[in-house]
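Working notes, beginning with the structure itself.
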Amino acid sequence: MIVDMPMLDMLLVDRAMTEADIPAVMAMEHAACLLPLHAWSEDNYRSSIRAGYWMRVRTEPETGRVIAVCVAMDGPDEVHLLNIAVDASHHGTGLAQTILADLYDRCRQRQAAVVWLEVRPSNAPARARYVREGFTEVGVRKNYYAALNGREDALVMKRDIDLNATTEVPRALD
Ligand SMILES: CC(C)(COP(=O)(O)OP(=O)(O)OC[C@H]1O[C@@H](n2cnc3c(N)ncnc32)[C@H](O)[C@@H]1OP(=O)(O)O)[C@@H](O)C(=O)NCCC(=O)NCCS
5 MIVDMPMLDM LLVDRAMTEA DIPAVMAMEH AACLLPLHAW SEDNYRSSIR
55 AGYWMRVRTE PETGRVIAVC VAMDGPDEVH LLNIAVDASH HGTGLAQTIL
105 ADLYDRCRQR QAAVVWLEVR PSNAPARARY VREGFTEVGV RKNYYAALNG
155 REDALVMKRD IDLNATTEVP RALD
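Per this note's numbering, residue 5 is the first one in the sequence shown, and the count goes up by one each step.
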């Protein structure tokens, strides 16, 4: 079955993130997050580039404006989604869904049968997206994140990847 790609994503450039993208990515992510405290730091991005993680940006072809970022770390037989953010003006357009579909394709290329992630319990939009993707909650990391009033737990979620599928039907279309 062919999965519909949102019109928006067909108009965007998908490329590797570089150090030069960090300021624009951070500005986009700060505005996208429920609280700026939730966004990644410059050091998070720099160390991820140094570590060679899979880092992609979606940009507007004409302006170069950064619309989305995704960062994932490869492990043995698994992939860990470290960060995903979409420009606030594009929330709810299904862009995160398309980016995650790319991540699943990468998993299949690498024969990685599971994707792991952590998410704040308070991050309702992200949790809604992940549940729609078929992620399930498998644990809690206590006091994992900095929060306004101390610390916040992380929900640990996982999604199995069908390594035999050429592509996967988004849960929203089930
Ligand atoms: C999480 C994020 C990447 C999703 O991007 P997006 O392109 O808007 O995602 P989608 O349009 O594919 O899906 C968003 C879902 O959240 C739902 N949603 C939006 N706001 C919501 C809210 N306040 N409460 C609950 N659900 C909400 C949408 O209805 C949609 O669900 P649906 O497919 O069932 O309609 C985006 O919200 C973001 O950039 N957030 C800031 C960074 C962040 O928190 N990243 C996650 C780190 S774990």
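Beta carbons are placed, not taken as given, at the ideal position from N, Cα and C, and that holds for glycine.
Only a predicted model underlies this, so the values are computations on that prediction, with no experimental measurement involved.
For residue i, three-class secondary structure by DSSP
i	result
Cys74	strand
His34	helix
His84	strand
Asp157	strand
Ala116	coil
Leu167	coil
Leu152	coil
Ala28	helix
Asp178	Reliability of the predicted coordinates at Asp178 is poor, the pLDDT of 35 falling under 50, and the value obtained from them is presented with this limitation in mind. Coil.
Arg110	helix
Ala89	strand
Option in the options with minimal Cα separation from residue i
i	options	result
Glu141	Asn168, Val160, Gly96 and Arg54	Val160
Asn153	Thr170, Ala92, Leu39 and Glu82	Leu39
Val144	Val123, Val135 and Ala151	Val123
Ala100	Tyr108, Arg110, Thr22 and Ile88	Ile88
Ser51	Ile71, Met21, Leu121 and Ile103	Met21
Ala207	Asp13, Val70, Asp78 and Leu16	Any answer about residue 207 is impossible in this case: the structure gives the chain only from 5 up to 178.
Residue range of the alpha helix (DSSP H) that includes residue i
i	result
Glu137	Ala128 to Glu137
Ala20	That residue, Ala20, is in no alpha helix (DSSP H); its beta strand (DSSP E) goes Val17 to Ala20.
Arg50	Glu46 to Ala55
Cα-Cα separation between residue i and residue j, rounded to whole angstroms
i	j	result
Arg155	Ser126	12 Å
Arg133	Tyr57	23 Å
Val73	Arg54	17 Å
Ile26	Phe139	28 Å
Arg60	Ala116	18 Å
Ala24	Glu33	15 Å
Trp120	Glu66	34 Å
Ala176	Gly98	With a pLDDT of 43 at Ala176, under the threshold of 50, the predicted position of this residue should be treated as unreliable, and no value is reported.
Terminal residues of the beta strand (DSSP E) in which residue i lies
i	result
Arg60	Trp58 to Thr63
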